[in-house]
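> Structure provided below as structure tokens; questions to follow.
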Amino acid sequence: MKKTIRQLLVGASAALTLAASASVGAEGLLERARAGETIRIGFANEVPWAYPGEGNAPLGFANAHALGVLEKMGITNVEPVVTEWGGLIPGLKANRFDIITGGMYILGSRCENVNFSEPMGVFGDAFIVAKGNPKGIQTYQDIKNGGATLVTGAGYNIVEVAKKEGIDEGSIMQVPGPTEILAAVRAGRADAGGVTFFTARNLARESGGAVEVTDPSRLPEWTLNWVGIGFRKSDTAFLDAFNAAQADYLGSPEMLAAVGEFEYTKAQLPGDVTTAYACANR
Numbered sequence: 000m001k002k003t004i005r006q007l008l009v010g011a012s013a014a015l016t017l018a019a020s021a022s023v024g025a026e027g028l029l030e031r032a033r034a035g036e037t038i039r040i041g042f043a044n045e046v047p048w049a050y051p052g053e054g055n056a057p058l059g060f061a062n063a064h065a066l067g068v069l070e071k072m073g074i075t076n077v078e079p080v081v082t083e084w085g086g087l088i089p090g091l092k093a094n095r096f097d098i099i100t101g102g103m104y105i106l107g108s109r110c111e112n113v114n115f116s117e118p119m120g121v122f123g124d125a126f127i128v129a130k131g132n133p134k135g136i137q138t139y140q141d142i143k144n145g146g147a148t149l150v151t152g153a154g155y156n157i158v159e160v161a162k163k164e165g166i167d168e169g170s171i172m173q174v175p176g177p178t179e180i181l182a183a184v185r186a187g188r189a190d191a192g193g194v195t196f197f198t199a200r201n202l203a204r205e206s207g208g209a210v211e212v213t214d215p216s217r218l219p220e221w222t223l224n225w226v227g228i229g230f231r232k233s234d235t236a237f238l239d240a241f242n243a244a245q246a247d248y249l250g251s252p253e254m255l256a257a258v259g260e261f262e263y264t265k266a267q268l269p270g271d272v273t274t275a276y277a278c279a280n281r
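Read in numbering that gives the first Met the number 0, the sequence shown has 142 at position 143, and its numbers run on one by one without any break.
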């Protein structure tokens with residue numbers, strides 16, 4: 000009996016220790032940041048949203064915005080961590096980085112895994128197609144009815160949208176990112192590449208005229224999405240502080256100057272839509 004009681008006491012002590020650790024962890028990121036420790040920001044190579052420059056310098060408007068908000072919080076010790084798009088949320092949850100700045104749409108399926116800041120912008124999608132758009136693709140229904148193949152990135156919102164629009168999973172090719180999407184369309188392995196409108200314009204420029212961009216206004220209104228910065232579920236104190244700083248920074252001349260270099264304009268400001276709305280309706 001004594002051994003059993005001792006085991007119970009040890010177990011209870013361990014449980015209390017874990018609970019205490021969890022409590023500290025809930026505010027750990029904010030405390031570490033305020034103490035001057037390095038905050039790791041995760042993003043993929045998604046021009047012009049977020050991408051690495053020389054020495055992995057964090058470029059793109061999502062990075063510029065996030066860095067501006069962090070600076071308002073007094074946080075300047077930042078380490079960029081570049082990964083594939085599909086590794087952003089798993090990497091955040093596995094503590095490989097502390098926040099996601101990569102220009103991620105706020106979707107209900109993602110809200111189950113991470114917390115998002117209040118929106119920093121609203122954006123639409125488009126397709127890239129071969130020059131001349133030989134299959135006349137403008138919408139998801141064109142892809143479905145024409146028996147075409149759609150290529151998009153693993154983990155992109157396009158996968159969910161295409162399925163909701165009735166496109167068979169076998170007609171959706173998933174690749175790591177924009178470079179592979181462009182390659183698939185140029186090589187004729189796919190008839191359309193589903194990406195954000197900003198990404199589509201950049202890929203068209205990169206292609207040297209080999210591909211063109213479809214009209215984003217032809218896609219359903221419900222496919223418009225809001226972007227937020229992603230945080231671990233445990234880092235609620237940091238998220239609250241970030242949202243407070245962003246409220247003053249968003250749409251300011253300082254912010255618009257920082258993101259303007261990367262094509263973000265006043266037209267992309269999110270209006271009064273909240274993260275709660277986006278999580279519930281996207």
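Where is the CB? At the ideal position from N, CA and C, for every residue including glycine.
Could you tell me the distance, in whole angstroms, from the CA atom of A275 to the CA atom of T264?
The residue given as residue 275 occupies position 276 in the sequence shown. The residue given as residue 264 occupies position 265 in the sequence shown. If you take the alpha carbons of A275 and T264, they lie about 24 Å apart.
> Grouping DSSP H, G and I as helix and E and B as strand, with all else coil, what is R95?
In the sequence shown, the residue the question calls residue 95 occupies position 96. Three-state DSSP puts R95 in coil, outside helix and strand.
> Curious, which full-length beta strand (DSSP E) runs of at least 3 residues does the segment 181-269 contain?
Counting only runs of 3 or more, we get 191-195, 210-212, 224-230.
> Tell me which residue opens and which closes the alpha helix (DSSP H) that V158 is part of.
On the sequence shown, position 159 is the one that residue 158 refers to. V158 -> alpha helix (DSSP H) spans 156-163.
> How far does the beta strand (DSSP E) with I171 in it extend, from its first residue to its last?
Taking the first residue of the sequence shown as 1, we reach residue 171 at position 172. Segment 171-174, the beta strand (DSSP E) holding I171.
> Measure the Cβ-Cβ separation of V258 and A63 and say whether it is below 7 Å.
Here residue 258 corresponds to residue number 259 of the sequence shown, with the count starting at 1. Here residue 63 corresponds to residue number 64 of the sequence shown, with the count starting at 1. Yes. Within cutoff.
> Do A65 and T100 come within 7 Å of each other at the CB atom, strictly closer than that value?
For the purposes of this step, residue 100 is taken as the residue at position 101 of the sequence shown. For the purposes of this step, residue 65 is taken as the residue at position 66 of the sequence shown. Against a cut-off of 7 Å, the Cβ pair of A65 and T100 comes out as a contact.
> Just the C-alpha distance for K143 and I136, rounded to the nearest angstrom, thanks.
Stepping through the sequence shown from its first residue, residue 143 is reached at position 144. Stepping through the sequence shown from its first residue, residue 136 is reached at position 137. If you take the alpha carbons of K143 and I136, they lie about 10 Å apart.
> Quick check on this structure: which residue in E262, E30, K134 has the alpha carbon closest to the alpha carbon of G73?
The residue given as residue 73 occupies position 74 in the sequence shown. When only C-alpha atoms are compared, the closest one is E30.
> Do N76 and K232 have their CB atoms nearer than 7 Å?
For the purposes of this step, residue 76 is identified with residue 77 of the sequence shown, where counting begins at 1. For the purposes of this step, residue 232 is identified with residue 233 of the sequence shown, where counting begins at 1. No, the pair does not count as a contact, with Cβ atoms beyond the cut-off.
> Counting only runs of 4+ residues fully inside the segment 29-80, write out the alpha helix (DSSP H) ranges in chain order.
You should have 60-71.
> Which whole-angstrom value is the C-beta distance of R185 and F96, which I expect to be below 8 Å?
Here the question's residue 185 lines up with position 186 in the sequence shown. Here the question's residue 96 lines up with position 97 in the sequence shown. Actually they are not in contact, since the Cβ atoms of R185 and F96 sit about 32 Å apart, beyond 8 Å.
> Under a Cβ-count criterion, where at least 16 other Cβ atoms within 10 Å of its own Cβ denotes burial, should S216 be classed as buried or exposed?
Counted from its first residue, the sequence shown places residue 216 at position 217. It is exposed - the Cβ of S216 has fewer than 16 other Cβ atoms within 10 Å.
> Residues in its own chain within less than 7 Å of Q267 by CB, not counting five upstream and five downstream?
Within the sequence shown, residue 267 is the residue found at index 268, counting from 1. Excluding sequence neighbours, Q267 sits near G120, V121, F122.
> DSSP three-state call for I88: helix, strand or coil?
Taking the sequence shown and counting its residues from 1, the one referred to as residue 88 is at position 89. I88: helix per DSSP, three-state reduction.
> From which residue to which residue does the beta strand (DSSP E) around A129 run?
Locating residue 129 in the sequence shown gives position 130, counting from the first residue. That run of the beta strand (DSSP E) goes 124-129.
> Taking only three categories from DSSP, how would you classify T329?
Residue 329 lies beyond the range of the chain shown here (0 to 281); nothing can be said about it.
> With a threshold of 8 Å, are at least 3 pairs of Cβ atoms found where one atom belongs to the segment 195-211 and the other to the segment 76-85?
Touching, no.
> Excluding the 5 residues flanking Q140 on each side, which residues of the same chain have their C-beta closer than 8 Å to its C-beta?
In the sequence shown, residue 140 corresponds to position 141, counting from 1. Within the same chain, Q140 has close Cβ partners E164, G165.
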